[in-house]
Amino acid sequence: MIKTEKLCYSYEQDTPFERRALYDVDLEIRDGSITALIGHTGSGKSTLIQHFNGLLKPTSGKIIIDGDDITAPNADLKRIRRKVGLVFQYPEHQLFEETVYRDIAFGPKNMGLNKDEIDERVRKSAYLTGLDEKYLERSPFDLSGGQKRRAAIAGTLAMDPKVLILDEPTAGLDPKGGKDILSLIERLHTENKDMIIIFVSHSMEDVARIADRVVVMNEGRVETEGTTAQIFSNPNRLRGIGLDVPQVTLLADKLRSAGIGLPDDIYTVESAAREIAVRLGGDTHA
Amino acid sequence: MLKDITIGKYVPARSPLHRLDPLVKIIFTAFYIAALFIINKPLPYAVFTAYTLIIMLISGIPVKMILKGARPMLWIFIFTAVFNVFMTTGETLWAFDIFSLSIKITREGVISGAVLTVRLFYLVIGTSLLTLTTSPLDLTDGIEKLLSPLQKIKVPSHEIAMMMTIAIRFIPTLSEETDKIMKAQTARGADFETGNIIRRAKAMLPLLVPLFISAFRRADDLAVAMESRCYSSGGKRTKMKECRFTSFDLRAVIIFAAATAALMTTQYML
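For the protein sequence lines, the chains are A and B, in the order given. Each residue of the first sequence is one higher than the last, beginning at 35 in my numbering. Each residue of the second sequence is one higher than the last, beginning at 1320 in my numbering.
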């Protein structure tokens, strides 16, 4: 479980350029959840996730992961970074090795694992990310955009983290590449029930599809948080801070006001299609 | 790490020094440095110090910040002073033996050590005042103007200025990128801070490879963007913000010339 207590952060503290990025962030993220972090640009999402593996140290406040205070002065940052895998925005920009295999092996190698363990982890994470074995011996720079991103995610998965954080994992990919990444996240979730997955996204459709909890950030504070259904049930609040709900939720709203009795927790195309089909089916039988 | 570098940093403010035409400022700096190496007597040094103090005070930049720019040079100052004190021959002030080495400190050594250190210090202060009060774009503008007479002998002054502008423009971008990649590799367990020199150099590879790749990609993008807007060298271009030589600049030149004349008088006449 990840818990933050009154987390505050300022960039370039004690200089004339000081900017506050986070104000009193109190959060609790439970094991086995997929949490989406949404908010407009500059709302503090990326700053927040960099605290979870100790890349940034809070100006004040605490972060507790599984009972360990990672903000304590004697905290073992290397161990924390093994436990909390962070995939940055456009992670393919960090690829550097001659082969995909060696790039994925970078993390496990830094952990000091032996050759057999490294090999096992590389192959397992390549499999998990859907990268065919034949790519492992190629240069990472010869892959397509979506494959590069999967190779980069595999590099983090190979460290076998308990918490996986992804910053806009689908940004800049074509629709199929984006879908592949979302399916990959879902697969990780089903294969490892205890894993905490946190992802930052600007796509409400992506959030609706895979998240079970949503944290809404606004101007460095947690605006609201709750289940995906709770968050999307209040479109006006989201719009007020420059966000929105999935389009299909708006459609369901319109149908409802036109007198079609749909439940109010529709936020994926699949659930809308199912509910509408039931109504249509009911009509034909009557 | 990279954010702490203050050399070459521009601090916007409203001061006479900021208002000055960049070309005039560059020429002033050249004269300042030349004068610094001409003077060699106590009185001219006192006058020079007074001038430097006045310039620092009217620059509108906190004196602490100007002095901070000299801090990275501290070791060079110390080396210069120490080497000169021990290595110059002349009238012995103090002699002693360490490990059968006889070491002599001479009067000339102490003087030349002090003089060189002071010169280096003023050199750094003078040049950092130029960059602190001139935005990078104005600076390249000034350099372009300075080099423009050389166009007659086929020196591509505009292209040189353009290259400098682009290089300066990308410093913050690349330092941001470095920061980002460093964080990403740290998240994968990379260690940039411990180990001996060879280990640390090796550890830089996961940082340098992606950095070079992204720099080339950016260069490529920029080239395409410039070509698609029909950029070509040699065209006559106008500027959005033209720097003109104003009466303010003229007054500054007169004051500066008078000050220089006064300094030279103390050096040669008194």
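We put the beta carbon where it would ideally sit given N, CA and C, even for glycine.
Residue range of the beta strand (DSSP E) that includes A:E239: In the first sequence, the residue the question calls residue 239 of chain A occupies position 205. Counting along the chain, A:E239 falls outside any beta strand (DSSP E), though it belongs to the alpha helix (DSSP H) covering M238 to I244.
Exposure label - B:Q1470; buried when at least 16 CB within 10 Å: Here the question's residue 1470 of chain B lines up with position 151 in the second sequence. It is exposed - the Cβ of B:Q1470 has fewer than 16 other Cβ atoms within 10 Å.
Which chain A residues sit within Cβ distance under 8 Å of B:L1524? Sequence index remark: in the second sequence, residue 1524 of chain B carries index 205 (1-based). Per Cβ cutoff of 8 Å: F130.
Return yes when the Cβ of B:V1429 is within less than 8 Å of the Cβ of B:L1456, no when it is not. To locate residue 1456 of chain B, count along the second sequence from 1; it is residue 137. To locate residue 1429 of chain B, count along the second sequence from 1; it is residue 110. In this structure, B:L1456 lies away from B:V1429, with their beta-carbon atoms at least 8 Å apart.
So, using beta-carbon positions, are A:V282 and A:I300 closer together than 8 Å? Counting from one through the first sequence, the residue named residue 282 of chain A turns up at place 248. Counting from one through the first sequence, the residue named residue 300 of chain A turns up at place 266. For the 8 Å CB-CB criterion, A:V282 and A:I300 form a contact.
Determine whether the Cβ of B:S1533 lies closer than 8 Å to any Cβ atom of chain A. Looking up residue 1533 of chain B in the second sequence gives position 214. Interface residue, yes.
Under 7 Å by beta carbon: chain B residues contacting A:G189: Counting from one through the first sequence, the residue named residue 189 of chain A turns up at place 155. Simply R1507.
In chain order, which continuous runs of the alpha helix (DSSP H) of length 4 or greater are located wholly inside the region 1392-1467 of chain B? For the region 1392-1467 of chain B, the full-length alpha helix (DSSP H) segments reaching 4 residues or more read 1393-1406, 1426-1452 and 1455-1466 along the chain.
Could you name the residues of the region 101-119 of chain A whose beta carbon sits closer than 8 Å to any beta carbon of chain B, in the order they occur along the chain? Close to chain B, meaning a Cβ-Cβ distance shorter than 8 Å, are the following residues of the region 101-119 of chain A: K112, R115, R116 and G119.
Give the residues of chain A in contact with B:I1395, contact being defined as C-beta atoms less than 7 Å apart. The sequence position of residue 1395 of chain B within the second sequence is 76, counting from 1. What B:I1395 touches in chain A: nothing, since even the nearest Cβ is about 26 Å away.
Strictly under 8 Å for the Cβ-Cβ distance: is B:P1529 near chain A by that measure? By 1-based counting over the second sequence, the position of residue 1529 of chain B is 210. Contacts with chain A at 8 Å (Cβ-Cβ) include B:P1529.
Comparing C-alpha positions only, which one of A:M238, A:I275 and A:T81 sits nearest to A:A263? Here residue 263 of chain A is taken as the residue at index 229 of the first sequence, counted from 1. Minimum Cα distance to A:A263 is reached at A:M238.
Reducing DSSP to helix, strand and coil, say where B:S1494 ends up. Counting from one through the second sequence, the residue named residue 1494 of chain B turns up at place 175. Annotated three-state conformation of B:S1494 is helix, per DSSP.
Under a Cβ-count criterion, where at least 16 other Cβ atoms within 10 Å of its own Cβ denotes burial, should A:H319 be classed as buried or exposed? Taking the first sequence and counting its residues from 1, the one referred to as residue 319 of chain A is at position 285. In this prediction, A:H319 has a pLDDT of 46, which is less than 50 and means its spatial position is unreliable; what the coordinates show is noted afterwards. Exposed.
Under DSSP, the alpha helix (DSSP H) around A:V256 begins and ends at which residues? For the purposes of this step, residue 256 of chain A is taken as residue 222 along the first sequence, with counting starting at 1. Premise fails: A:V256 lies in the beta strand (DSSP E), R255 to T261, not in any alpha helix (DSSP H).
Write down the C-beta distance between B:I1395 and B:L1336 rounded to the nearest angstrom, noting that I regard them as a contact closer than 8 Å. On the second sequence, position 76 is the one that residue 1395 of chain B refers to. On the second sequence, position 17 is the one that residue 1336 of chain B refers to. About 26 Å separates the beta carbon of B:I1395 from that of B:L1336, a gap too long to meet the 8 Å contact definition.
Return the CA-CA distance between A:R3 and A:I265, expressed in angstroms with no decimal places. Since the first residue of chain A shown is 35 and the last is 320, residue 3 of chain A is not available in this structure.
Helix or strand or just coil, what does DSSP make of B:A1534? Numbered from 1 along the second sequence, position 215 holds the residue referred to as residue 1534 of chain B. In this structure, DSSP gives B:A1534 a helical state, which the three-state scheme calls helix.
Beta-carbon proximity list for B:K1423, same chain, < 7 Å, skipping 5 on both sides: By one-based count along the second sequence, residue 1423 of chain B stands at place 104. So the list reads T1411 and A1414, once near-sequence residues are dropped.
Can you find a CB in chain B that lies within less than 8 Å of the CB of A:M193? Within the first sequence, residue 193 of chain A is the residue found at index 159, counting from 1. For A:M193, the closest Cβ of chain B is nearer than 8 Å.
Based on Cα-Cα distance, which residue from A:R53, A:I36, A:L170 and A:I68 lies nearest to A:A245? Residue mapping note: residue 245 of chain A aligns to position 211 of the first sequence, counting from 1. Per the Cα distances, A:I68.
Going by CA-CA distance only, name the one from A:A139, A:F130, A:L120 and A:D150 that's closest to B:V1528. Taking the second sequence and counting its residues from 1, the one referred to as residue 1528 of chain B is at position 209. Looking only at A:A139, A:F130, A:L120 and A:D150, the smallest Cα-Cα distance to B:V1528 is reached by A:F130.
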